[in-house]
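Some notes on the structure that comes next.
Number of protein chains: 2
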Amino acid sequence: MSRAETPDPPENAAPEDGAPDDGAPETPDRLRRRASRLLSQLTTQSDRLINEGLARVDARKWHYAVLASLQEYGPGSQATLSRRSGIHRSDMVGVLNELAERDLVERVPDPDDRRRNMITISARGRRHLQHLDEVLDDLHDDLLAPLNPAERDQFTQLLTRLLDHHTRTARTARSAP
Amino acid sequence: MSRAETPDPPENAAPEDGAPDDGAPETPDRLRRRASRLLSQLTTQSDRLINEGLARVDARKWHYAVLASLQEYGPGSQATLSRRSGIHRSDMVGVLNELAERDLVERVPDPDDRRRNMITISARGRRHLQHLDEVLDDLHDDLLAPLNPAERDQFTQLLTRLLDHHTRTARTARSAP
DNA sequence: CAACAAACGTTCGTCTCACTAACGATTTGG
DNA sequence: CCAAATCGTTAGTGAGACGAACGTTTGTTG
Chain A
17 MSRAETPDPP ENAAPEDGAP DDGAPETPDR LRRRASRLLS QLTTQSDRLI
67 NEGLARVDAR KWHYAVLASL QEYGPGSQAT LSRRSGIHRS DMVGVLNELA
117 ERDLVERVPD PDDRRRNMIT ISARGRRHLQ HLDEVLDDLH DDLLAPLNPA
167 ERDQFTQLLT RLLDHHTRTA RTARSAP
Chain B
17 MSRAETPDPP ENAAPEDGAP DDGAPETPDR LRRRASRLLS QLTTQSDRLI
67 NEGLARVDAR KWHYAVLASL QEYGPGSQAT LSRRSGIHRS DMVGVLNELA
117 ERDLVERVPD PDDRRRNMIT ISARGRRHLQ HLDEVLDDLH DDLLAPLNPA
167 ERDQFTQLLT RLLDHHTRTA RTARSAP
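Just so you know, the protein sequences line up as chains A and B, in that order.
End of the first sequence = 193 in my numbering, gap-free, step of one.
End of the second sequence = 193 in my numbering, gap-free, step of one.
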């Protein structure tokens, strides 16, 4: 095999046989630099952190999303909540089951439109939401620990801009054709 | 708690019946602001973008990770590649099957340690990796489209700092106890 | 008014991702 | 020499995001 093309023998010097690579995982730069990879890796960590934190108070991300939507915009049908919270409507069923089990929301058939269920947040739900807000504040403090307040703002703003851009282009791409 | 039991009737005025919420999904602020949510939503978009782009050239994220590791640090066992690329060793099997099917890597038993397979990148694999790099450059251009070069640097640097922090604390948390 | 289209809640299934558990084979260290 | 660790592999779990299809109900239109 005359390695005519790209004749790079790995210049980063593979650890050969002696001492392989204990301790320092040595991830290639091109990998580490990719924003997509950074995003998914960090999101994995973030999700783990948030999920574990919420599990300690018998909650999930979705619970917070739904309760917050209810608190801010008032009661709504499951489809409405689905749109507001970004939870797929086929997953909303289970979430509302869990919330109803815990008496955090009430689900009653809408008399005006018998296809719908009207979902209402309960007093207990409001208290729980308040608690979740505190828990999430703490968790985000851990999540963003290495950043000072200004950097945290920068970070969330950059994230917001990127997300807005992509949700818009995704929306127009799927409704137009 | 001075405000007895948060008896807030939704002040944001739910759209009631007239015009529900067409067009503008109206996600509550507390939800939209949470960095964890921004991260997971953006990662969903990012993953979709990258996966679709790579699928067009018959590739996956993992392919790139493994090929890049091989190119930069030379051949290695599956376990070594697993540590370098961050792919779980039980998932590495399938990835290497796919790469070997496409003749992008060679997998031969290591005579010095008959537990291991030595994985080597092929000439075809090097060409493919080069192509993938271009494809990924373009895809990241889409991903980071709303940001100017300086902001892109800021963004990846913030991500890197956060990820480093959490991978370190995670590593020490699991090896120490 | 009849007929068709759309929305709603629900169930089921798919795909990806990260990860755990266990196995047989092999190598290493005390 | 024997126990412990490593390696590759298979199988399975639990999120998360999503699509397809259903029966029910509402709306729209000819």
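The beta carbon of each residue, even a glycine, is placed where N, CA and C say it ideally should be.
Tell me, please, whether the CB atom of Pro-10 (chain A) is closer than 7 Å to any CB atom in chain B?
Nothing in the structure corresponds to residue 10 (chain A), since chain A is present only between 17 and 193.
Does any residue of chain B bring its CB to less than 7 Å from the CB of Ile-66 (chain A)?
It does; some Cβ of chain B falls within 7 Å.
Taking all protein chains shown into account, do 16 or more other C-beta atoms lie within 10 angstroms of the C-beta of Ser-52 (chain A), making it buried, or fewer, making it exposed?
The residue in question, Ser-52 (chain A), is buried, as its Cβ has 16 or more Cβ neighbours within 10 Å.
Given 8 Å, three or more beta-carbon pairs between the segment 46 to 66 of chain B and the segment 109 to 124 of chain A:
In the pairwise beta carbon analysis, the segment 46 to 66 of chain B is classified as not touching the segment 109 to 124 of chain A: fewer than three pairs are separated by under 8 Å.
Apply the 10 Å Cβ neighbour rule to Val-82 (chain B) and answer buried if 16 or more other Cβ atoms are within range, or exposed otherwise.
That one is buried.
Contact between the segment 162 to 175 of chain A and the segment 111 to 119 of chain A (3+ Cβ pairs under 8 Å):
Per the Cβ contact rule, the segment 162 to 175 of chain A is not in contact with the segment 111 to 119 of chain A (fewer than 3 Cβ pairs under 8 Å).
Listing by chain order, which chain A residues have their CB less than 8 Å from the CB of Asn-136 (chain B)?
Note that residue 136 (chain B) is Thr in the sequence shown here, rather than Asn. Under the 8 Å cutoff, chain A gives no residues; its nearest Cβ is about 10 Å from Thr-136 (chain B).
Any alpha helix (DSSP H) of 4 or more consecutive residues that is wholly inside the segment 100 to 146 of chain B:
If we require 4 residues or more, the alpha helix (DSSP H) runs fully inside the segment 100 to 146 of chain B come out as 105 to 117.
Using 7 Å as the limit for Cβ to Cβ distance, is Glu-150 (chain A) near chain B?
It does not: the Cβ of Glu-150 (chain A) has no partner Cβ on chain B nearer than 7 Å.
Can you check whether the C-beta of Gln-173 (chain B) is within less than 7 Å of a C-beta belonging to chain A?
Gln-173 (chain B) does not count as touching chain A.
Within-7 Å CB hit, Glu-114 (chain A) to chain B:
It does not; no Cβ of chain B falls within 7 Å.
Pull up the distance between the alpha-carbon of Arg-49 (chain A) and that of Thr-172 (chain B), whole angstroms please.
Straight-line Cα distance between these residues: approximately 7 Å.
Using a 10 Å radius around the Cβ and a threshold of 16 neighbouring Cβ atoms, would you call Thr-136 (chain A) buried or exposed?
Under a 10 Å Cβ-count criterion, Thr-136 (chain A) is classified as exposed, with fewer than 16 other Cβ atoms of the shown protein chains found around its own Cβ.
By DSSP, does Trp-90 (chain A) sit in helix, in strand, or in coil?
The displayed chain sequence assigns Gly, not Trp, to residue 90 (chain A). In the three-state scheme derived from DSSP, where H, G and I count as helix and E and B as strand, Gly-90 (chain A) is classed as coil.
Near-chain A residues of the segment 155 to 168 of chain B - C-beta to any C-beta below 8 Å:
Residues Leu-155, His-156, Leu-159, Leu-160, Ala-161, Pro-162, Leu-163, Glu-167 and Arg-168.
Could you tell me which chain B residues have their CB closer than 8 Å to the CB of Ala-84 (chain A), listed as they occur along the chain?
Proximity of chain B to Ala-84 (chain A) at the Cβ level (cut-off 8 Å) is accounted for by Pro-44, Arg-46 and Leu-47, in chain order.
Are the C-beta of Ala-51 (chain B) and some C-beta of chain A separated by less than 7 Å?
Chain A contact via Cβ: present.
With a cut-off of 8 Å on the beta carbons, I'd call Val-73 (chain B) and His-147 (chain B) a contact; round off their distance for me.
Yes, Val-73 (chain B) and His-147 (chain B) are in contact; Cβ-Cβ is about 7 Å, under 8 Å.
Residue nearest to Arg-184 (chain B) in terms of C-alpha spacing, selected from A:Gln-61, A:Leu-97 and A:Leu-47:
Its Cα nearest to that of Arg-184 (chain B), the residue A:Gln-61 stands out among A:Gln-61, A:Leu-97 and A:Leu-47.
Give the range of the alpha helix (DSSP H) segment to which Arg-46 (chain A) is assigned.
Taken as a continuous stretch (DSSP letters only), the alpha helix (DSSP H) holding Arg-46 (chain A) covers 45 to 49.
Could you compute how far the alpha carbon of Asn-153 (chain A) sits from the alpha carbon of Arg-105 (chain A)?
For the sequence presented, residue 153 (chain A) should be read as Asp rather than Asn. Those two C-alpha atoms are separated by around 27 Å.
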